[in-house]
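For the sequence shown, the UniProt record's numbering begins at 1 and goes up steadily by one.
Ideal Cβ placement from N, Cα and C applies to all residues, glycine included.
Single-structure report; data block below.
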Amino acid sequence: MKQATTRRLVLYGRSSSLNTQRVLWCLHETGVPFDLRLTSATLGESGRLGGTAFGGTEDPGFVRCSPFGQIPALSDSATGAQLWESASIIRYLAAVYKPSLLGPAVPAYRPQEAGYRLAQAARASAWMDYHLSTFAPGANIYGHDDFMGNLMTHLVRMPAGGAPVTVAAHGAQRQMQFCDETVARAAEAAAAQFGRLDAHLRSAGTPYLAGDELTVADIPLGVEAFRWSLLRRRLQAAAAAAAVDTPSLDGWLERLRGRVAFVRGVVEPEEEHHAPTP
1 MKQATTRRLV LYGRSSSLNT QRVLWCLHET GVPFDLRLTS ATLGESGRLG GTAFGGTEDP
61 GFVRCSPFGQ IPALSDSATG AQLWESASII RYLAAVYKPS LLGPAVPAYR PQEAGYRLAQ
121 AARASAWMDY HLSTFAPGAN IYGHDDFMGN LMTHLVRMPA GGAPVTVAAH GAQRQMQFCD
181 ETVARAAEAA AAQFGRLDAH LRSAGTPYLA GDELTVADIP LGVEAFRWSL LRRRLQAAAA
241 AAAVDTPSLD GWLERLRGRV AFVRGVVEPE EEHHAPTP
């Protein structure tokens, strides 16, 4: 009997997680085969609150990669890398397996342009830092400013009728009940953040956030933007938010949707996550 082989790249996480989706997309962009080991302490893959957790957090391989038990985590047997935090994993994958994601390459016969390449790579990386420092603090941990988490909980994860649910974040649990004011505030905050991205894309006049080609700059915010596009439909269908005109953002998202890696790593798992409960 032929034994199953383990690929050199192993990703621990769940595809309904935005953090995991970022790494999934990047992995598909590299074209390097990998294994996804479903790992989660709080939600099942249906994404519904109260769902059965995957478990897997006691897996020795996961523990070695993620000292605080957070997903996603990645191990690479080819290099010995054991990583956690999606931004660090993306930077690593780009550097080792697809350097073009860090910025344009410099021809070997023009080494004097190495500084230009470093500048472009820093610019792409800056967008990842912007996501962490400015965008993401308002999009995590179910706080009052957690616009994406609050929208997901109210519009997707709560049972029909808005019955209270228990949410878990970083080991703490609390009850959440449907609140029109929370939805309105979160929708306004999301529209403002994505409006800033639209304004940048319009003024820059480039097809991607950091230039003419896809880079690591696009990955964290592209995942957020696709989830927002699905949430925006729900808001507009419920007349809970006014239509927002973001043509440059929409064009960028369409370009991302034209990439097979984006469809496999983000679109397919996220659309499944938003599907009605049977």
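Member of the options whose CA lies at the smallest distance from the CA of residue i
i, options, result
"TYR208", "ARG22, GLY103, VAL183 and LEU118", "GLY103"
"PHE178", "SER125, THR153 and THR246", "THR153"
"LEU214", "MET158, ARG123, ASP245 and ASN150", "ARG123"
"SER248", "LEU221, SER75, SER203 and ALA237", "SER203"
"LEU155", "GLN70, LEU230 and ALA81", "LEU230"
"LEU221", "ARG196, VAL183, LEU118 and ASP245", "ARG196"
"ALA136", "ALA87, ARG157, GLN120 and PRO99", "ALA87"
"SER16", "THR30, ARG7 and LEU36", "LEU36"
"ALA121", "ASP218, PRO164, GLN175 and GLU270", "ASP218"
"ASP76", "VAL96, GLY69, GLN70 and PRO164", "VAL96"
"ALA74", "HIS200, PHE68 and PHE62", "Checking the sequence, you will find Leu at residue 74 rather than Ala. Nearest C-alpha to LEU74: PHE62."
Opening and closing residue of the alpha helix (DSSP H) in which residue i lies
i, result
"ARG97", "The amino acid at residue 97 is misidentified as Arg; the sequence shows Tyr. 86-97 is the extent of the alpha helix (DSSP H) around TYR97."
"SER17", "Taken as a continuous stretch (DSSP letters only), SER17 belongs to no alpha helix (DSSP H), as it is neither H nor E."
"PHE182", "The sequence given here has Thr at residue 182, not Phe. Its alpha helix (DSSP H) spans residues 180-204."
"ALA119", "114-130"
"PRO269", "268-274"
"MET148", "147-152"
"GLY61", "60-65"
"ASP250", "247-257"
Check whether residue i and residue j have beta carbons under 8 Å apart
i, j, result
"ALA94", "LEU83", "no"
"LEU9", "VAL23", "no"
"ARG233", "MET148", "no"
"HIS28", "ALA261", "yes"
"VAL266", "VAL223", "yes"
"TRP127", "ALA210", "yes"
"TYR92", "ALA81", "yes"
"THR30", "LYS98", "yes"
"THR246", "ASP180", "no"
"GLU270", "GLN21", "yes"
"VAL216", "ILE89", "no"
Host beta strand (DSSP E) of residue i (start-end)
i, result
"VAL10", "9-13"
"ASP35", "34-38"
"SER75", "73-76"
Nearest-angstrom Cβ-Cβ length linking residue i and residue j, presumed shorter than 8 Å
i, j, result
"TYR12", "PRO72", "6 Å"
"ALA190", "LEU151", "7 Å"
"PHE34", "ARG7", "5 Å"
C-beta neighbour in chain C for residue i, strict 8 Å
i, result
"SER77", "Going by chain labels, chain C is absent from the structure shown, which holds only one protein chain."
Next on the checklist: My parser needs the alpha helix (DSSP H) runs of 4 or more residues fully inside the segment 200-239; what are they?
Outcome noted: 218-237
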